[in-house]
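Residue numbers (UniProt numbering), protein chains in the order written: chain Z, 1 to 249; chain B, 1 to 249. Glycine included, each C-beta is placed from N, C-alpha and C at the ideal position.
Number of protein chains: 2
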Amino acid sequence: MLVWPELHLFADGVPDRAREARLRAAAQPLDGPLIAGLAAISRRLGIWLIPGSVCERGPEGALFNTSVVLSPDGDLTASYRKIFPWRPTEPYTPGDRLCVFDIEGVGRLGLCICFDSWFPEISRNLAWLGAETIINPVKTTTPDRPQEMVIARANAITQQVNFLTVNVAGPVGVGVSALFGPQGERISGINDDRPGSFEAVLSSDRVHRTRREGTAGVTRPWDFFRPGDSPVDLPAYRGTIDPASWNRI
Amino acid sequence: MLVWPELHLFADGVPDRAREARLRAAAQPLDGPLIAGLAAISRRLGIWLIPGSVCERGPEGALFNTSVVLSPDGDLTASYRKIFPWRPTEPYTPGDRLCVFDIEGVGRLGLCICFDSWFPEISRNLAWLGAETIINPVKTTTPDRPQEMVIARANAITQQVNFLTVNVAGPVGVGVSALFGPQGERISGINDDRPGSFEAVLSSDRVHRTRREGTAGVTRPWDFFRPGDSPVDLPAYRGTIDPASWNRI
Numbered sequence: 001m002l003v004w005p006e007l008h009l010f011a012d013g014v015p016d017r018a019r020e021a022r023l024r025a026a027a028q029p030l031d032g033p034l035i036a037g038l039a040a041i042s043r044r045l046g047i048w049l050i051p052g053s054v055c056e057r058g059p060e061g062a063l064f065n066t067s068v069v070l071s072p073d074g075d076l077t078a079s080y081r082k083i084f085p086w087r088p089t090e091p092y093t094p095g096d097r098l099c100v101f102d103i104e105g106v107g108r109l110g111l112c113i114c115f116d117s118w119f120p121e122i123s124r125n126l127a128w129l130g131a132e133t134i135i136n137p138v139k140t141t142t143p144d145r146p147q148e149m150v151i152a153r154a155n156a157i158t159q160q161v162n163f164l165t166v167n168v169a170g171p172v173g174v175g176v177s178a179l180f181g182p183q184g185e186r187i188s189g190i191n192d193d194r195p196g197s198f199e200a201v202l203s204s205d206r207v208h209r210t211r212r213e214g215t216a217g218v219t220r221p222w223d224f225f226r227p228g229d230s231p232v233d234l235p236a237y238r239g240t241i242d243p244a245s246w247n248r249i
Numbered sequence: 001m002l003v004w005p006e007l008h009l010f011a012d013g014v015p016d017r018a019r020e021a022r023l024r025a026a027a028q029p030l031d032g033p034l035i036a037g038l039a040a041i042s043r044r045l046g047i048w049l050i051p052g053s054v055c056e057r058g059p060e061g062a063l064f065n066t067s068v069v070l071s072p073d074g075d076l077t078a079s080y081r082k083i084f085p086w087r088p089t090e091p092y093t094p095g096d097r098l099c100v101f102d103i104e105g106v107g108r109l110g111l112c113i114c115f116d117s118w119f120p121e122i123s124r125n126l127a128w129l130g131a132e133t134i135i136n137p138v139k140t141t142t143p144d145r146p147q148e149m150v151i152a153r154a155n156a157i158t159q160q161v162n163f164l165t166v167n168v169a170g171p172v173g174v175g176v177s178a179l180f181g182p183q184g185e186r187i188s189g190i191n192d193d194r195p196g197s198f199e200a201v202l203s204s205d206r207v208h209r210t211r212r213e214g215t216a217g218v219t220r221p222w223d224f225f226r227p228g229d230s231p232v233d234l235p236a237y238r239g240t241i242d243p244a245s246w247n248r249i
């Protein structure tokens, strides 16, 4: 699978009215020629392709920051509209739907784009929906990338998933990309803003072994609840953690 | 305020049947002589005291791992039963209620004990309930303290709160304690397992400045939603993020 950073094909530039007009002019629906062209590439190369994210024109003209997943057959296997655009800079309408998808022989994957990672609910719910790997295309140009990397690693640890965060290189972005394994171990990556690429194996075995044997051989958050436990009320979501639907071992 | 590590007054030892019998014999309700004695200390010294956590005997004989907050007047201002005991080692019944409390001149604080920190829902909901500082007494004796410190820092960053994590020193615990500020900055702490103490100012100004001006001067997750935004469905909690009750600036 080839993964590019957020908005890799859409240099959205500084936030002024001219930018929004340009974005509106360039945005396409997902059945438009841009995605068809990307699908032709994934089919020609016979690879899974996540070309960062694109500026999607929605049915009523709204703009979304949308990641797409193209299969080796050129199918649009999944698409995800960023739920937390980085406001006020980004002009996109927030999406309202989580996205997981399956790749035979690899497992279940989930998508979250850049600032989404700052909301641990997103990673939690992707993992709860079965994601063993979370793909996080990023376009961070600001000095908070160190904080974002702490969060990326913590998402990997708390969810016991592979967490791949891929940022834009310099001079536009501040770079720093990595795959973290389910114990927060850095498997590979790039530590600065130089353009480059890196390879990594997205092993779901690694995820299941960690969940079964525990982080550092001891800690098993996905095997917490026992019969008779009470639900945990979470007022911020008007929701609960339901013991009956939690465990993932 | 003086904060001690989890179970500082209850060396609960190795998990066997003898331990459970000893804990049952030693456990007291919160209106028993142990808490009265601790309240006498906080009153005598004129300080806020969080003596780690104690083994509480509940009304029907259940054992809880409970943190208490004692005021300079010797009042039991708050108590919190650990929601996520570290299973299977800990014999305690999980609590089912979040806990925040106010200290005049300091602000609102929330409690979470050790393994609770691995569940980002807890920190999120404490912050949503208004906590500017989260106090996290810990008794970690296992090699996953490095992961726990990543999580502690990420909780500080994602919630934009002060996060104080205080672990048991050697030879019982693996140590490593710190106060992280709302941008994940380490304000003070102890980096190894040697016994010791450290001081830190729990500033809620620091929290509000970060939320207002942004992490690294730019990122403001507590000022996300705008009128007309859709709720975000979170199936793991059968809940939603409701735009109308989110912003905290």
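Cutoff 8 Å; reference ASP75(B); Cβ partners in own chain excluding five residues on either side: ALA39
Which stretch, first to last residue, makes up the beta strand (DSSP E) that contains GLU90(Z)? Where GLU90(Z) is concerned, there is no enclosing beta strand (DSSP E), given that its DSSP letter is neither H nor E.
Quick check: is the beta carbon of SER52(Z) nearer than 8 Å to any beta carbon in chain B? Per the sequence shown, residue 52(Z) should be read as Gly rather than Ser. Not one chain B Cβ lies under 8 Å of GLY52(Z).
is_contact[ALA78(B), chain Z] using C-beta, thresh 8 Å: no
Tell me the residue span of the alpha helix (DSSP H) that contains ARG248(B). Counting along the chain, ARG248(B) falls outside any alpha helix (DSSP H), and DSSP gives it neither H nor E.
Taking the C-alpha atoms as reference points, what is the distance between ASP145(Z) and GLY214(B)? Per the sequence presented here, residue 145(Z) reads as Arg, with Asp not at that position. Each residue's Cα considered, the two are about 13 Å apart.
With 16 other CB atoms within 10 Å as the buried threshold, where does GLU20(Z) fall? exposed
Within 8 Å of any Cβ in chain Z, is that where the Cβ of PHE101(B) sits? no
Do SER117(B) and THR165(B) have their beta-carbon atoms positioned less than 8 Å apart in this structure? yes
Beta-bridge partners of LEU49(B), as assigned by DSSP: LEU2(B) and LEU70(B)
Strictly under 8 Å for the Cβ-Cβ distance: is LEU109(Z) near chain B by that measure? no
Roughly how many angstroms separate the alpha carbons of ILE35(B) and PRO15(B), rounded to a whole number? 25 Å
Under a three-way DSSP split, which group does VAL218(B) fall into? coil
At 7 Å on the CB atoms, spell out the chain Z contacts of ARG87(B), in chain order. PHE224
Would you call the CB atoms of ARG108(Z) and GLU132(Z) closer than 8 Å? yes
Extent of the continuous alpha helix (DSSP H) run through residue 254(B): Nothing can be reported for residue 254(B): it is not among the residues displayed for chain B, which extend from 1 to 249.
Quick check: ARG194(B) and ALA178(B), are their CB atoms within less than 8 Å of each other? no
Using a Cβ cut-off of 8 Å (strictly closer), state whether ILE187(B) contacts chain Z. no
Thinking TYR92(Z) and LEU111(Z) are a contact (beta carbons under 8 Å), I'd like their distance in whole angstroms, please. Contact doesn't hold; Cβ gap of about 15 Å is too wide.
Alpha-carbon spacing of VAL138(B) relative to ILE50(B), whole angstroms: 12 Å
Say whether the stretch 121-128 of chain B touches the stretch 48-63 of chain B, bearing in mind that this needs 3 or more beta-carbon pairs closer than 8 Å, one atom from each stretch. no
Should GLU60(B) go down as buried or exposed, given a rule of 16 or more other Cβ atoms within 10 Å for buried? exposed
Measuring only the C-alpha atoms, how far is THR240(B) from ARG24(Z)? 30 Å
Flag THR133(B) as yes if its beta-carbon sits less than 8 Å from any beta-carbon of chain Z, otherwise no. no
Can you check DSSP and say which residues form a bridge with VAL138(B)? ASN167(B)
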